[in-house]
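Asks: Letter by letter, the sequence shown follows residues 0 to 217 of numbering that gives the first Met the number 0.
The structure follows.
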Amino acid sequence: MALPRALLQYICGLVLLIASVNALKFDLQARGPSESKRERCIRNFVAKDTLVVVTATVSGSKGDGMVVNMHILDNVGNEYGKPKDVVGEQRTVFTSHADAAFDVCFENVMTSSRMNNPSRHIELDIDIGADAKDWSAIQATEKLRPVETELRRIEESIAEIVREMDYLRAREQKLRDTNESTNTRVKWFGIGTTFLLIGLWGWQIMYLRAYFRSKHLI
Numbered sequence: 000m001a002l003p004r005a006l007l008q009y010i011c012g013l014v015l016l017i018a019s020v021n022a023l024k025f026d027l028q029a030r031g032p033s034e035s036k037r038e039r040c041i042r043n044f045v046a047k048d049t050l051v052v053v054t055a056t057v058s059g060s061k062g063d064g065m066v067v068n069m070h071i072l073d074n075v076g077n078e079y080g081k082p083k084d085v086v087g088e089q090r091t092v093f094t095s096h097a098d099a100a101f102d103v104c105f106e107n108v109m110t111s112s113r114m115n116n117p118s119r120h121i122e123l124d125i126d127i128g129a130d131a132k133d134w135s136a137i138q139a140t141e142k143l144r145p146v147e148t149e150l151r152r153i154e155e156s157i158a159e160i161v162r163e164m165d166y167l168r169a170r171e172q173k174l175r176d177t178n179e180s181t182n183t184r185v186k187w188f189g190i191g192t193t194f195l196l197i198g199l200w201g202w203q204i205m206y207l208r209a210y211f212r213s214k215h216l217i
């Protein structure tokens with residue numbers, strides 16, 4: 000069954016939007032050796048067993064009084080790289096171990112105190128899934144035409160979008176089940192608390208009645 004035209008336009012637009020994302024550029028200020036650790040991190044989400052290519056281009060040169068260190072890890076504790084003293088282009092390729100967000104962190108440490116406004120310019124590009132593959136090599140290996148290569152890339156991008164939607168749907172179902180379970184527990188806790196208060200109220204009446212009778216007040 001053919002997909003509706005509106006859905007096709009949405010999918011193609013989403014794929015083109017993903018493909019057109021440019022690299023992130025920023026300046027990283029240096030900190031002194033005695034100052035507390037200060038990192039700048041960029042976070043992204045990745046599904047399990049997904050290819051990721053992190054390309055960082057750092058300005059400057061070795062021995063210029065600054066040392067830029069990288070650290071790539073996810074929020075469940077998996078570490079994917081920790082390059083030190085990065086200058087020029089640094090490429091890190093890894094396959095994710097879990098459905099989790101991962102951080103690409105940069106730290107700029109100043110090794111010389113005689114510097115005015117010390118900083119390094121960083122250009123960061125993160126390719127995930129189909130965008131991380133070397134399609135030129137695939138085209139040459141499988142002898143594909145350019146149109147076939149582009150269609151295959153778009154097909155894999157759409158497949159990734161579908162997998163991500165399935166993952167989000169599963170998470171939504173899990174959160175809904177958790178919410179319903181919490182509501183049920185709160186309901187029974189409220190009912191139990193109500194009966195407990197009623198019992199305590201009845202016990203107080205009986206206790207006060209017995210106390211007043213012992214004092215011959217009633």
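Idealized CB from N, CA, C, for every residue including glycine.
So which of R37, R30 and F44 has the shortest CA-CA distance to Y166?
Replies: The shortest C-alpha separation from Y166 is found at F44.
Asks: CB T56 to CB G80, shorter than 8 angstroms?
Replies: In this structure, G80 does not lie closer than 8 angstroms to T56 by Cβ.
Asks: Suppose the cutoff is 7 angstroms on Cβ atoms and the five residues either side in sequence are ignored; what does the same chain contact list for A129 look like?
Replies: Excluding sequence neighbours, A129 sits near R152, E155, S156 and E159.
Asks: Under a three-way DSSP split, which group does A99 fall into?
Replies: Of the three classes helix, strand and coil, the one that applies to A99 here is strand, per DSSP.
Asks: Measure the alpha-carbon distance for L196 versus I190 and round it to whole angstroms.
Replies: Going from the Cα of L196 to the Cα of I190 covers about 10 angstroms.
Asks: Per DSSP, what kind of secondary structure is K81 in: helix, strand or coil?
Replies: Coil.
Asks: Is DSSP giving L50 helix, strand or coil here?
Replies: L50: strand per DSSP, three-state reduction.
Asks: Helix or strand or just coil, what does DSSP make of E34?
Replies: Reduced to three states, the DSSP call for E34 is coil.
Asks: Could you give the first and the last residue of the continuous alpha helix (DSSP H) run that contains N178?
Replies: Its alpha helix (DSSP H) spans residues P145 to S213.
Asks: Please report the Cβ distance between M69 and V85, rounded to the nearest whole angstrom; I am assuming they are in contact, meaning their Cβ atoms lie under 8 angstroms.
Replies: About 6 angstroms separates the two Cβ atoms, so the contact holds.
Asks: Just reading off the beta strand (DSSP E) that T94 is part of, what are its end residues?
Replies: T94 -> beta strand (DSSP E) spans G87 to T94.
Asks: Given D98, which residues of its chain have a CB within under 7 angstroms of its CB, disregarding the five upstream and five downstream residues?
Replies: Closer than 7 angstroms at the Cβ level, and outside the excluded window around D98, lie A46, K47 and Y166.
Asks: Let me know the secondary structure DSSP gives A22 once reduced to three states.
Replies: Coil, per DSSP.
Asks: Would you check if there are 3 or more beta carbon pairs closer than 8 angstroms linking the region 19-34 to the region 109-124?
Replies: Yes: at least three Cβ pairs fall under 8 angstroms.
Asks: Taking I71 as the reference, which of V103, A139, R119 and L27 has the closest Cα?
Replies: Cα-wise, what sits closest to I71 is V103.
Asks: Return helix, strand or coil for H70, following the three-state DSSP convention.
Replies: In the structure shown, H70 sits in a strand (DSSP, three-state: E or B).
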